[in-house]
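**Student:** UniProt numbering numbers the first residue of the sequence shown as 3 and each following residue consecutively.
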Amino acid sequence: RIVYCGGEFVAENEAKLSLFDRGFLFGDAVYEVTAVIGGKMVDNDLHLARLERSLSELSIPMPLSREEIEAIQLALIEKNALVEGTVYLQVSRGAEDRDFLYSDGLEPTFIAFTQVKNLLGSKGQKQGLSVNLAEDPRWERRDIKTVMLLGQVMAKRQAKATGFDDTWFFEDGAITEGASSSAFIVTHDRRIITRGNSKAILPGCTRAALLKLCSAHDVVLEERPFTIAEAQGAAEAFQTSATSLVTPIVRIGDVSLNGGVPGPVTRQLQAYYLETVN
Ligand code: PDD
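1) My output table needs one value for asparagine 134: the three-state DSSP class, helix, strand or coil.
2) Three Cβ pairs or more, each shorter than 8 Å: is that satisfied between the segment 190-205 and the segment 21-39?
3) I'd like to know whether the C-beta atoms of glutamate 86 and isoleucine 39 end up nearer to each other than 8 Å.
4) What are the complete beta strand (DSSP E) segments, minimum 3 residues, inside the segment 32-102?
5) Nearest to arginine 95 by CA position, among Leu27, Gln270 and Val252, is which residue?
6) In chain order, what residues of the same chain lie with their CB nearer than 7 Å to the CB of glycine 153, ignoring the 5 residues before and after it?
7) For arginine 253, name the three-state secondary structure that DSSP assigns.
8) Beta-carbon within less than 6 Å of isoleucine 62's beta-carbon, same chain only, minus the 5 sequence neighbours each way: which residues are those?
9) In three-state terms, what does DSSP make of threonine 229?
10) Nearest to residue 282 by alpha carbon, out of Leu78, Val252, Val267 and Gln270?
11) If we require 3 or more residues per run, which beta strand (DSSP E) segments fall completely within the segment 129-211?
12) Can you round the beta-carbon distance between glycine 255 and glutamine 241 to whole angstroms, since I take them to be within the 8 Å contact cut?
13) Mind checking which residues open and close the alpha helix (DSSP H) that includes tyrosine 275?
14) At the level of alpha carbons, what is the spacing between glutamate 179 and lysine 128?
15) Buried or exposed, going by whether 16 or more other CB atoms sit within 10 Å of the CB of alanine 231?
16) Using a Cβ-based criterion (distance less than 7 Å to any ligand heavy atom), does threonine 242 qualify as near ligand 1?
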């Protein structure tokens, strides 16, 4: 695989980073994952806008312009002949001798690589997934897409170990979001509910694209927190992300939704979304 590191395209086993990179030592870095379907990036403008916002919240300068970053993404897709998968971008504050306090004027470290992934034909797309529920273990700035992902790593491992596909987090009795996705439920009168954006969740790009589609297709959507009881009593549920697109959720904890199969409203939204990306 050809990756981007140190300002150039190199073979992955030739990529070099400093041992003292703050992304490595402190998790002092942000990232983005853009889906690639049929060789084309999905919602990439939203991802680059969010990258810029995450960096600005942490006072890390943009390493390159959006146009330059997009050119690198496109070159990686081409060099690796990527048809379906993801492009990953990461920007860390830079490298210097280890100290919590960082110096001004550090040069950010920018790396990018592609991954081959089966997105359209995944088990989740076809059959839906089960999620367990876990207290949200994360810090209070979940709106910044940082690489501090240990809470999610531990939660997903725990979910797998107990027979679930993924995890939804909750806080004060209400669902915040999925461990790496935005969470939605469908009420019995066919309204879509998802938590509104705030510092408590990541503002999902797929979520934003889906909200637009809901309004274009006159689907009623409410942005508000919903409780665990509402989720488990919902007609249907689904999650969205760059990698899961619109994925049905057919079991939440020990409660099956819609008889354990993806529901009609979810299938309709999945179809609307796939129309825009195919
Ligand atoms: N994760 N919430 C969290 C906590 C996430 O990590 C993600 C994405 C989302 C969905 O955001 P988007 O629709 O912009 O992908 C919501 C990516 C896919 C990841 O970490 O691999």
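Where is the CB? At the ideal position from N, CA and C, for every residue including glycine.
Predicted model only: the values in this text are computed from it and were never measured.
**Tutor:** With the structure as the only source:
1) strand
2) no
3) yes
4) 87-94
5) Leu27
6) Pro139 and Arg140
7) strand
8) Arg95 and Pro110
9) strand
10) Given a span of 3 to 280 for the chain in the structure shown, any question on residue 282 remains unanswerable.
11) 131-137, 168-173, 176-180, 184-188 and 194-196
12) Not a contact, Cβ separation roughly 15 Å.
13) 266-279
14) 21 Å
15) exposed
16) yes
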